[in-house]
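Everything below concerns the one structure shown next.
Number of protein chains: 2
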Amino acid sequence: MTTIGFETHDHHACVSETMAKAESRCAAQDLRLTPVRRRVLELLLAEHRALGAYDILGHLSAEGLGTQPPVAYRALDFLVKAGFAHRIEALNAYIACTHLGKDHAPAFLICRSCQSVAESGTALTQGRLGDAARAAGFQIEHTVVEAQGLCPACQPQDAA
Amino acid sequence: MTTIGFETHDHHACVSETMAKAESRCAAQDLRLTPVRRRVLELLLAEHRALGAYDILGHLSAEGLGTQPPVAYRALDFLVKAGFAHRIEALNAYIACTHLGKDHAPAFLICRSCQSVAESGTALTQGRLGDAARAAGFQIEHTVVEAQGLCPACQPQDAA
DNA sequence: CTCCAAATGTTATAATATAACGCTTGTTAG
DNA sequence: CTAACAAGCGTTATATTATAACATTTGGAG
């Protein structure tokens, strides 16, 4: 399991590598990474924070890429369906995927102080939720797993 | 672990027992279960489904208990804070707690076909999310764990 | 009885999201 | 080449979810 987001890292490389992966995946799967979609992915990648659809729209409209809500929502829908981004239900916001290419049943750690979000790539239908589903005869199609709290940097001091 | 919601059960008893528990808990903790709050809890208990704030408001206004959104939101906020109800983030909706009195880190199984919701009472910050948090040094304060899929009754046939 | 805190009533508006429809563009079959 | 089609985009309008703010009422403590 890898959890990306809180520790320092080479962010420039993390952005450009992910863009490259997204491009090659679009080529391979016949998906179209149009200018608006590409720019929204870049905006999300620029921070390990969740951005609201209207935050995105603000950037797009400042750059002449679109002024109305559907522009942002369509791009976000595309990115989420393609697996390039995730929606954070607890925040009504969106974040770039940091585990592009891997299987996918993401869990998120959301800091209430600095708003940073880390994505933890666990395998699906395992853990407690999977146990509960099996016990109840429930067939899982999609999971929302989000924890809110304090990231290492925002804790009172003495915690690592 | 108990998961309530999909299996048939004595629903009348399940409702009245929960109301009784809520009342005694309010008495014990000096909380006020006012008419609006009590009615909202009854409405939520009446179904093992999540109801939107405006669904609730519709019932309240039909019964002369209030006509404006804040009426519903205040009652729901009270019930959630008191632990009598939970908010389902993936649906922007609310559901009565089926594990009243127990510790609390609920996980939900949400059927996309019949909209029923089961609450699984796990003792959380354990499982995958807990592992990820510990590995990252993240301090969990609240968790959102929701699975969407098909309940036993809504599966194609042959699955139990 | 008065004061205070909690709850409620009410108006207004904010924030998030989608329906619907027409235009443009890029691809493909003829 | 070009007609036909699908996907994407521009735009208007509106739906859905949620909260800010302030006046009024209620219930209990002193």
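Going line by line, the protein sequences match chains A and B. Here my numbering is used: the first residue of the first sequence is 2, the next is one more, and so on. Here my numbering is used: the first residue of the second sequence is 2, the next is one more, and so on. Every residue, glycine too, gets a C-beta built ideally from N, C-alpha and C.
Please state if the CB of LEU151 (chain B) and the CB of ARG113 (chain B) are separated by a distance shorter than 8 Å.
Counting from 1 along the second sequence, the entry for residue 113 (chain B) is found at position 112. Counting from 1 along the second sequence, the entry for residue 151 (chain B) is found at position 150. Yes, the pair counts as a contact, with Cβ atoms nearer than the cut-off.
Taking DSSP as the reference, what is the three-state secondary structure of THR144 (chain A)?
On the first sequence, residue 144 (chain A) is found 143 positions in, with the first residue counted as 1. THR144 (chain A): strand per DSSP, three-state reduction.
Within the region 52–139 of chain B, note down every full beta strand (DSSP E) run reaching 3 residues or more, in order along the chain.
86–89, 94–97, 108–112 and 118–121
So, is HIS13 (chain A) buried or exposed, given that buried needs 16 or more other C-beta atoms within 10 angstroms?
Counted from its first residue, the first sequence places residue 13 (chain A) at position 12. Per the 10 Å Cβ criterion, exposed.
Given a limit of 7 Å on CB to CB distance, which residues of the region 137–159 of chain A reach chain B?
ALA137, GLY138, PHE139, GLN140, ILE141, GLU142, HIS143, THR144, VAL145, VAL146, GLU147, ALA148, GLN149, GLY150, LEU151, CYS152, PRO153 and GLN156
Output, in chain order, the set of chain B residues within a Cβ distance shorter than 8 Å of GLY128 (chain A).
For this step, residue 128 (chain A) is matched to residue 127 along the first sequence. Within 8 Å Cβ-Cβ: GLY128, ARG129 and LEU130.
So with Cβ pairs under 8 Å, would you call GLY45 (chain A) a contact of chain B?
Your numbering for residue 45 (chain A) matches position 44 in the first sequence. A quick correction: the sequence has Leu, not Gly, at residue 45 (chain A). By this cut-off, LEU45 (chain A) is not an interface position.
Please confirm whether VAL145 (chain B) and VAL145 (chain A) have their CB atoms less than 8 Å apart.
Here residue 145 (chain B) is taken as the residue at index 144 of the second sequence, counted from 1. Here residue 145 (chain A) is taken as the residue at index 144 of the first sequence, counted from 1. In this structure, VAL145 (chain A) lies closer than 8 Å to VAL145 (chain B) by Cβ.
Are the CB atoms of LEU110 (chain B) and ALA108 (chain A) nearer to each other than 8 Å?
By one-based count along the second sequence, residue 110 (chain B) stands at place 109. By one-based count along the first sequence, residue 108 (chain A) stands at place 107. Their beta carbons are not under 8 Å apart, which means LEU110 (chain B) does not touch ALA108 (chain A) by this criterion.
At the level of alpha carbons, what is the spacing between LEU130 (chain A) and ALA21 (chain A)?
Taking the first residue of the first sequence as 1, we reach residue 130 (chain A) at position 129. Taking the first residue of the first sequence as 1, we reach residue 21 (chain A) at position 20. Taking the straight line joining both Cα atoms gives about 34 Å.
Quick one: what does DSSP say ARG50 (chain A) is sitting in, helix, strand or coil?
One-based indexing of the first sequence puts residue 50 (chain A) at position 49. Here ARG50 (chain A) sits in strand by DSSP.
Run through DSSP, which three-state label would GLN158 (chain A) get?
By one-based count along the first sequence, residue 158 (chain A) stands at place 157. Coil at GLN158 (chain A), not helix or strand.
Check whether the Cβ atoms of LEU92 (chain A) and ALA51 (chain A) sit closer than 8 Å, and answer yes or no.
Residue mapping note: residue 92 (chain A) aligns to position 91 of the first sequence, counting from 1. Residue mapping note: residue 51 (chain A) aligns to position 50 of the first sequence, counting from 1. Yes, the pair counts as a contact, with Cβ atoms nearer than the cut-off.
Determine the closest residue to ALA73 (chain A) out of A:GLU90, A:TYR95, A:GLY84 and A:ALA148, with distance taken between C-alpha atoms.
Locating residue 73 (chain A) in the first sequence gives position 72, where the first residue counts as 1. Cα-wise, what sits closest to ALA73 (chain A) is A:TYR95.
Measuring alpha carbon to alpha carbon, tell me which residue in B:GLY59, B:GLY102, B:PRO70 and B:GLY122 is nearest THR19 (chain B).
Within the second sequence, the letter at position 18 stands for residue 19 (chain B). Nearest C-alpha to THR19 (chain B): B:GLY102.
Below-8 Å beta-carbon distance, GLU48 (chain B) vs any chain A residue:
For this step, residue 48 (chain B) is matched to residue 47 along the second sequence. Answer no: the Cβ-Cβ gap between GLU48 (chain B) and chain A never drops below 8 Å.
As assigned by DSSP and simplified to three states, the class of LEU34 (chain A)
Your numbering for residue 34 (chain A) matches position 33 in the first sequence. Three-state DSSP puts LEU34 (chain A) in coil, outside helix and strand.
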